[in-house]
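The sequence shown runs -40 to -1, 1 to 1123 under mature numbering (1 follows the signal peptide of the UniProt record, and there is no 0).
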Amino acid sequence: MKENYTPNRVVRKAHNRTLRVLALNFLVCLFGLSALPVDAKHSQQKAISIHVQDVTIQQAFSEIEKSSDYVFLVADNASSELNRRISLKRSKENIHQVLDALFHDTDLGYHVVERQISIYRKEKQAAAMKQQTPKGITVKGRVTDKQNEPLPGVSILVKGTTQGIATDMDGHFTLSDLAPNAVLEVSYVGMKQQSIPVKGRTELAIVMEDDEAMLGEIVVTGYQTLSKERATGSFTQVKQDKLDLLQLGATSVKQGLAGAIPGVFVGKSTINIRGVSSIYANKTPLFVVDGVPVNDIETINPKDIETITVLKDASAASIWGIRASNGVVVITTKLGKLNDGKTYFDISSNIMIDEKPDFGYLQRPTAAEYIDFETEAIARGKGWFNPATAERNGYSRVEELYYKKHKGQIDDAQLNEGLERLRQNDYLSERDLFFRSRVQKQVNLSIAGGTNKYKYYTSVGYTGNQGMSKGDSNHAIIINMKSRMTLLKGLELEMGVNTAFRKNTNNGVDLYAFHGKPYELNVDENGNYLSRYTNVAEHLKQGYYDKGFLDWTYNLKQEIDNNDITSNNASVRLNTGLEYTLFKGLKISTKFLYEAGTDRARNYRNLHNYYLKNLINSWTVYDATKKEYKHKFPKGPLLDLSKNWSSSWTQRNLLTFDSVIDEQHSINAIAGTEVREDFTLQNKERYYNYNDRALSVNNFDAYSLSQYTANYRGDYDSYRWDPEFSESKNRFFSVFLNGSYSYQGKYTVSGSVRIDQSDLFGTDPKYRYDPTWSSGLSWRLSEEAYMKNISWLNHLLLRLTYGINGNISKSSPYSLARYGKNSNTQEDMLTISTPENQQLRKEKTAVTNFGVDFALLNNRLSGSIDLYHKYSSDLLGNHKLDPTTGFNSARINTAEVSNRGLDMRINGMILRGTFGWDMTFNFGYNVNRVEKVQSPQEVAEYYVSGGSPIEGKPLSYLYSYKWAGLSEKGEPQIYDASGEVVGWKKKMSDVQALKYVGTLTPPVYGGIISTFTYRNFALTPVFSYQLGHLMRLPRPEMVSYGLNTDIAKRWKNPGDEKTTNIPRIYSSSSIDPKWRNYYLYNDSWDEDASFVKLNTLTLSYDFAGLIGRKLFSRAQLVVQASNLWTWTANSKGIDPEYYDLAEGRFSYLPPVSSYTIGVNLNF
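Next up, the structure:
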């Protein structure tokens, strides 16, 4: 395959950067390492014929490349000579004879090493300078890439002279008679040019870096690999070395993508490409690893990734058919390279330590603030606390004091004294009982190598994580083996094995630890458990104990001390493939992938667990016959066990044609079929009186408690816990065709079509054979003759694509019923959950994309801009049905959603030299809108709670009541549709009375990545931003579990309504929904959720030169700080990524900064 490339106005043929090859068979990946060196030679005596008339030297270079294997590399100081026009006629001469004639009467000189020809400019005073220069030093060195691969044919020129050389096959070079202060100019195809001061050194180790703006970027679609110039679609690629900078110590592919790719939105638990294109079906992108879709990307070690390519438009992604509407993320893992038989080791290790969380960030009230609220609520009457029912319903410690006063057991002074003691308690003082700094350790080892027939890659990665919550931890081991070998001439075999083992322990607490009363402590000064009050009155407990009840104490510290909640996951992914070259340009291949995983989750509760104690005690009833209390619920440990099994296999057959005809016509086409099956099995069981050592259980008549039976208080209640079992299997068959044609490397047209069949579709043939397809055009405008004289323009490519992608839901065209038993009769029964729908079909997304790729100013400024419009139709949406069908509604293909926006990526090489500065700016803009949907009942309370989609609005919207302030009595008020003030007692259902505030999903998002280099140091700050979305501020919810520090600002006296929007305490703990909604969901709480964040700051130092490059090709020390700084637009300084924007609540533990130190060794 030929690839066009235009640095310094020269078109060069793409070639392999290294000319070395290694040997290893696939069994080495499993059992050992061996290498077979292979010699590679190239004759410089190949006869060349050339006949050109009145052409530029540059055009003559192109003619030589067309008729030979040679590639030209031109130094910067020689580029001005390339436009000189010449005529030349030579027949069957060697390369030296042709070049001598070509450069006659010019100032150009050349070096030929193997297939590479380095061109430089002769200085007129060179000879004189050489005579005047005293005898100097001899400098030896080696040039490699960042993977320690030697680079043959690298041009090394002594600045200001004609002296120069090219590296040999092993990347070595020797220069004699150099001045100690000489400067070497090092350049190589597709890599950044470097200036290396000698400074009297006699040995140099030079590491070249890819010049991403110059290097022909490769588009990997999962089915095929194309050069960037021949791809009409929209894509963005991130390489492995960038991933480390984005998130050192990442355990998931998603972690390093925030702000790294334009058009990709990465939330706390979501990832979307160019907006959301579905309502009820799958919304996440398709992940493809080494050409095959995978279900579990957590089994991928980020250290094994070579590149991540995101396919965004129809031309890029439509080849994936019914799974491409949400975009495609193609991951290519590492594989050994063809070289000289050496084995390369890569060892990396890092440790990450988090700061301790600042729980003041959660804005929880102090003990004093909470007690003030509670005492005022009690003073409002029996709606909050009724002493007469306290024995039955239980009470808090504050209510206990009022209960004792009501009973005459204490007086006012003792009441106040007790309250004051409670005010002194500080629940935050116990944070070290439950939380700690998170510590994560990672170790990765990889081995790679190969020969001319075999190449392999094997890695082992371990991650150990001590969670922020005490009692939480996880451990993971991922083993990856991959090889490719030539069995016979033209026949290649590829094999891969990926296994992952994960163990999680989840015994710690989460945010619910802060939902209690802040004056309740868990341990006394001696570390003994303190009882936290529950719904059982404290003074009654001893009476229950005397009757044989279990200890009814609840204590959060005791809970985590006795928790035994674990999960174990094991998965394997096996893939193999054969590829046979029928003749040059035509290949046939087959690939098979099998993926399976099992997950076992275990929750063992001993008799110290409050949930179990409460179950046993609640069903401890008096037996009048035996005149004693009897435990109806088994008095022993309880085990909940869930087991999930999933597997899938994919078989693909592919015919690939890739050819260049007459150096003008480039054709790439694939055709193939694919068969896939997905299987899942889920099982959930409960075992009573479980013996963890003997693995024994006792039979239990759960049916007797499933009927309404009197419990310990004489109330009729029932116990229900149903085992669960489910199994599903889905099959898919696809046939597809994709092709592109390029003329002169300038004009490209592409197209694809795919038909998917599945048992998830209905039987209506109108929809079963509806294809997904795409078409695209590109024009490499910079290759036009009238553009070549624009010296500042290096590359300009225009792209236009249109196509249809698909998406599916795991629904069924057939009626679905759930098997169970009637709770009253225990007879078998089926509950129909989904009606039949034979017109069920895939969701479709039509995508139009116009893009521009550019490179300017000698490739120092480059990037791409894409405008897109996505229109999704046939989306599953709720649709009302005739009630006589037995269903009120069903989900059918009826809804429509659109996304339009812009993606932009700009790369800048701002500074070059000893001090360097590169920067990448990523920008994404997306407007999401529901175009068609059957609207739900139009009532205001439905809209403000964020229910189903609404036409004309984004899928994630925010509606609010129009706040009219508090009344003179401290009660919430809003405006109706006519602008009149309405009190809370009047129900306001008119949606016209609401205010549309905006979207909860940021329409603008992206990132800024800079890299500053100085000698062996590199500093990389990575910023991300999300702009233009809305949020609700946290506010006290006026009930005991939903208070925050602003509760102190509540209305207390007439006139307070002028300074606060927090109402008085309601007359009862059961707040009227209208009061609650008008107060919580009004527009006075709505604020801008925009933020800018310094995601990571990374400093690295390569110290291999200090300890000798012969021992380590790279020895890098890396220090990274994460989440150091965040700017937020909201007035409370809340990080929107750790927050429920719609409800206005903290949904995660507070964000913390983390610090990582690591070392990478390559040898």
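Glycine included, C-beta positions come from ideal geometry on N, C-alpha and C. No experiment lies behind these values; they were computed from the predicted model shown.
Residue i (DSSP reduced to helix, strand or coil)
| i | result |
| --- | --- |
| residue 563 | strand |
| residue 64 | coil |
| residue -5 | Residue placement at residue -5 is flagged as unreliable, the pLDDT there being 29, under the threshold of 50; the coordinate-derived value follows with that caveat. DSSP places residue -5 in coil when its eight states are reduced to three. |
| residue 931 | coil |
| residue 599 | strand |
| residue 409 | strand |
| residue 29 | coil |
| residue 18 | helix |
| residue 570 | helix |
| residue 435 | strand |
| residue 295 | coil |
| residue 981 | strand |
| residue 1080 | strand |
| residue 493 | coil |
| residue 219 | coil |
| residue 428 | coil |
| residue 1123 | coil |
Environment of residue i [buried if 16+ CB atoms lie within 10 Å]
| i | result |
| --- | --- |
| residue 585 | exposed |
| residue 351 | exposed |
| residue 790 | exposed |
| residue 1075 | buried |
| residue 777 | exposed |
| residue 775 | exposed |
| residue 245 | buried |
| residue 306 | buried |
| residue 472 | exposed |
From the options, residue whose alpha carbon lies closest to that of residue i
| i | options | result |
| --- | --- | --- |
| residue 375 | 382, 592 and 361 | 361 |
| residue 130 | 104, 124, 116 and 137 | 104 |
| residue 142 | 1014, 162 and 869 | 162 |
| residue 661 | 875, 681 and 397 | 681 |
| residue 527 | 449, 435, 444 and 516 | 435 |
| residue 270 | 242, 296, 217 and 910 | 217 |
| residue 580 | 690, 595, 989 and 41 | 595 |
| residue 1003 | 329, 33 and 79 | 329 |
| residue 685 | 762, 1060 and 601 | 601 |
| residue 414 | 451, 12, 31 and 331 | 451 |
| residue 1080 | 8, 208, 56 and 828 | 208 |
Cα-Cα separation, residue i to residue j
| i | j | result |
| --- | --- | --- |
| residue 999 | residue 390 | 24 Å |
| residue -20 | residue 304 | Residue placement at residue -20 is flagged as unreliable, the pLDDT there being 28, under the threshold of 50; a coordinate-derived value is accordingly withheld. |
| residue 400 | residue 426 | 6 Å |
| residue 1117 | residue 955 | 49 Å |
| residue 1066 | residue 733 | 56 Å |
| residue 137 | residue 147 | 21 Å |
| residue 1128 | residue 429 | Given a span of -40 to 1123 for the chain in the structure shown, any question on residue 1128 remains unanswerable. |
| residue 1093 | residue 995 | 14 Å |
| residue 920 | residue 957 | 7 Å |
| residue 858 | residue 745 | 40 Å |
| residue 512 | residue 488 | 16 Å |
| residue 380 | residue 564 | 40 Å |
| residue 345 | residue 1030 | 12 Å |
| residue 1122 | residue 1077 | 12 Å |
(request) Would you check if the region 147 to 156 and the region 660 to 679 touch, i.e. whether three or more CB-CB distances between them fall below 8 Å? (result) no
(message) Under 8 Å: do the region 501 to 509 and the region 401 to 421 share three or more Cβ pairs, one atom per stretch?
(response) no
(message) I'd like to know if the region 15 to 32 and the region 63 to 78 are in contact, where contact means that at least 3 CB-CB pairs between them fall below 8 Å.
(response) yes
(message) Taking 8 Å as the cut-off, does the region 224 to 240 touch the region 820 to 838 (at least 3 CB pairs, one atom from each stretch)?
(response) Using a C-beta cut-off of 8 Å, the region 820 to 838 makes contact with the region 224 to 240, since at least three inter-stretch Cβ pairs fall below that distance.
(request) Count the C-beta pairs between the region 842 to 860 and the region 799 to 816 that are closer than 8 Å, then say yes if the count reaches three, no if not. (result) Contact between the region 842 to 860 and the region 799 to 816 is present, because at least three Cβ pairs lie under 8 Å.
(request) Pair every Cβ in the region 364 to 371 with every Cβ in the region 1045 to 1061, then say whether three or more of these pairs are closer than 8 Å. (result) no
(request) Mind the definition here: the region 440 to 451 touches the region 530 to 543 only if three or more C-beta pairs lie below 8 Å; say whether that holds. (result) yes
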